[in-house]
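This report concerns only the one structure given below.
Numbering (this note's numbering), first residue to last: 42 to 298.
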């Protein structure tokens with residue numbers, strides 16, 4: 042089904058951009074098995090989504106992250122679905138605005154054995170400085186993330202479980218924040234106010250698309266909170282199988298970069 046038709050047919054539509062290796066439809070909304078939560082946009086965001094690389098920046102991808110995926114041969118696809126079109130849609134699957142409170146609430150549901158840790162550090166997580174973390178770690182988090190678990194500084198699910206008892210209580214928020222960065226993809230552009238931020242760093246012109254001037258972007262009714270790089274409203278929900286989101290009643294389209 043085309044996105045335009047899905048938006049016309051249903052009032053409530055959600056979607057996200059998927060990273061896909063090859064041409065086959067992936068099993069999950071996000072490919073990493075440890076990642077049990079994903080971010081989606083709503084009908085308004087889908088109807089105002091830009092084209093090509095700009096759409097990836099609009100939802101909060103950094104230019105460095107896009108380039109790393111391109112170098113690995115990853116393609117990008119748009120997935121959209123309507124909960125009303127599904128015969129069964131569990132209440133725990135309902136997308137919630139991606140505030141810090143809702144992300145932690147969903148994380149406690151998705152990782153029940155870590156819920157006590159998440160609630161312990163919840164109040165201070167928004168104040169954790171990723172810049173200070175990078176100084177402490179001696180490398181940008183994006184480079185550690187690109188290296189993956191082969192880098193001991195990468196905090197996977199297993200490492201979070203193993204190290205939570207090995208660090209001082211004061212260091213637990215930093216440990217959890219690194220897990221959220223690497224496993225749940227809460228990058229430096231995650232704001233916790235339920236709106237994405239766009240990366241304003243330049244990218245090479247060889248990608249065939251120039252950065253659109255911030256002043257020339259369309260006004261799509263976003264809140265005026267004094268931040269020029271606000272993107273779209275984002276929601277957090279479980280990382281579901283695509284087969285559960287409908288066959289002909291969902292959108293799965295490749296994005297041309």
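All residues carry an ideal CB built from backbone N, CA and C; glycine is no exception.
Approximately 14 Å separates the beta-carbon atoms of residue 227 and residue 240; this is outside 8 Å, ruling out the contact. Residues of the same chain with a CB within less than 7 Å of the CB of residue 77, apart from the 5 flanking positions on each side, are 151, 152, 279, 280 in chain order. Between residue 233 and residue 141, the C-beta spacing is below 8 Å. Across the structure, residue 206 and residue 290 are spaced so that their CA atoms are roughly 46 Å apart. By the neighbour-count definition (other C-beta atoms within 10 Å, threshold 16), residue 121 is a buried residue. Of the other Cβ atoms in all chains shown, fewer than 16 fall within 10 Å of the Cβ of residue 65; this residue is therefore exposed. Under the three-state reduction of DSSP, residue 220 is assigned to helix.
Distance between residue 190 and residue 49, taken at the CA atoms: about 43 Å.
With a cut-off of 8 Å on Cβ pairs, the region 53-65 is in contact with the region 81-93, counting three or more such pairs. Below 8 Å, enough C-beta pairs join the region 153-168 and the region 210-218 to call them touching: three or more. Residue state for residue 106 is assigned as helix, using DSSP reduced to three classes. A Cβ-Cβ contact shorter than 8 Å links residue 283 with residue 70. Sequence-distant Cβ neighbours of residue 116 in its own chain, meaning closer than 7 Å and more than five residues away, are 61, 295. Going by DSSP, residue 116 is part of the beta strand (DSSP E) stretching over 116-122. The continuous alpha helix (DSSP H) containing residue 98 extends over residues 93-99. Taking the C-beta atoms as reference points, residue 137 is found no nearer than 8 Å to residue 236.
Beta bridge pairing from DSSP links residue 271 with 238. Residue nearest to residue 158 within the set 98, 102, 145, 91 is 145 (criterion: CA-CA distance).
Assignment of beta-bridge partners to residue 56 by DSSP yields 82, 121.
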